[in-house]
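Below: one structure, written as structure tokens.
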Amino acid sequence: MDAVPALAVVDARFCAGDEAALAVAKTLSMSGNDFTVTDAATGALLLRVDGVLFSLRRRCLLADAHRRPVLTVQESALVMNTRWKVYRGDSTSRRDLLFTVVKPSVIQLRWSTKVSVFLASNDAEQSPDFRITGSYHDGACSVSLGESDTVIDYAFIVALAVVLDEMHYQ
1 MDAVPALAVV DARFCAGDEA ALAVAKTLSM SGNDFTVTDA ATGALLLRVD GVLFSLRRRC
61 LLADAHRRPV LTVQESALVM NTRWKVYRGD STSRRDLLFT VVKPSVIQLR WSTKVSVFLA
121 SNDAEQSPDF RITGSYHDGA CSVSLGESDT VIDYAFIVAL AVVLDEMHYQ
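By our numbering, the letter at position 140 of the sequence shown is numbered 140, and the numbering carries on one by one without gaps.
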């Protein structure tokens, strides 16, 4: 049997060799909605997401189990709730931009989710690098890279889940 290729959008250390089931727990805090992400099989802490209390734009920090910054997720200033940028580490510098998540329409039906993801190298944003479809409200969304079976790192998937949560509930 051939190995399924892996795509590390964030970092190769977040690529699980096999399909990984993650458990995401959301908690309310002073800084907003925080998340903990654990391995569903072992309960081991994998990632945590902490909102930023004082910020002009909605922003949160995704950290590893040792609280080292992995990603910063920030709402774009001019297009409220439809465009989010995700940066490496605790940066918001253009040089650290990894990808942008775009909701094509301000108005989407609650049970329908259609979101495009553009990697930083895709400046023209003519065709998305990834698509998210399904129903966030029902907890059933798919992230696709064309028609491939490529394994995508779970830090990328968690960052997308955080953005979807912000888009749908803020």
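For glycine and all other residues, C-beta sits at the position ideal for the given N, C-alpha and C.
With a threshold of 6 Å on Cβ separation, who are the neighbours of residue i within its own chain once the five nearest residues in sequence on each side are excluded?
i, result
"LEU119", "PHE99 and ASP129"
"VAL10", "ASP153, ALA155 and PHE156"
"SER144", "ARG131"
"ASN122", "ASP129"
"ARG88", "ASP96 and LEU98"
"PHE14", "ASP153, TYR154 and ALA155"
Excluding the five sequence neighbours on either side, which residues of its own chain have a C-beta within less than 7 Å of the C-beta of residue i, listed in chain order?
i, result
"ALA44", "THR38"
"THR184", "Missing from the structure shown is residue 184; the chain here goes from 1 to 170 and no further."
"SER29", "GLY51"
"SER76", "ARG83, TRP84 and LYS85"
Once you ignore the five residues that flank residue i on each side, which residues in its own chain have a CB closer than 8 Å to its CB?
i, result
"VAL162", "PHE35, VAL49, CYS60, LEU62 and VAL73"
To the nearest angstrom, how far is the alpha carbon of residue i from that of residue j?
i, j, result
"MET1", "ALA8", "Model confidence at MET1 stands at a pLDDT of 47, short of 50, so the residue's coordinates are unreliable; what they give is reported in the following sentence. Approximately 22 Å between the Cα atoms of the pair."
"ALA23", "ALA40", "5 Å"
"GLY51", "ASP18", "30 Å"
"ALA16", "ALA124", "31 Å"
"LEU78", "ALA6", "34 Å"
"SER135", "LYS26", "18 Å"
"HIS66", "ALA21", "20 Å"
"LEU164", "SER142", "12 Å"
"GLN126", "ASP90", "28 Å"
"VAL101", "THR42", "31 Å"
"ARG68", "VAL115", "28 Å"
"ARG58", "GLY139", "23 Å"
"ALA12", "THR133", "25 Å"
Quick check: is the beta carbon of residue i nearer than 8 Å to any beta carbon in chain B?
i, result
"ASP138", "Looking for chain B here will not work: only one protein chain is present."
Taking all protein chains shown into account, do 16 or more other C-beta atoms lie within 10 angstroms of the C-beta of residue i, making it buried, or fewer, making it exposed?
i, result
"ALA159", "buried"
"THR113", "buried"
So residue i and residue j are supposed to be a Cβ contact under 8 Å. How far apart are they, rounded?
i, j, result
"VAL70", "LEU47", "7 Å"
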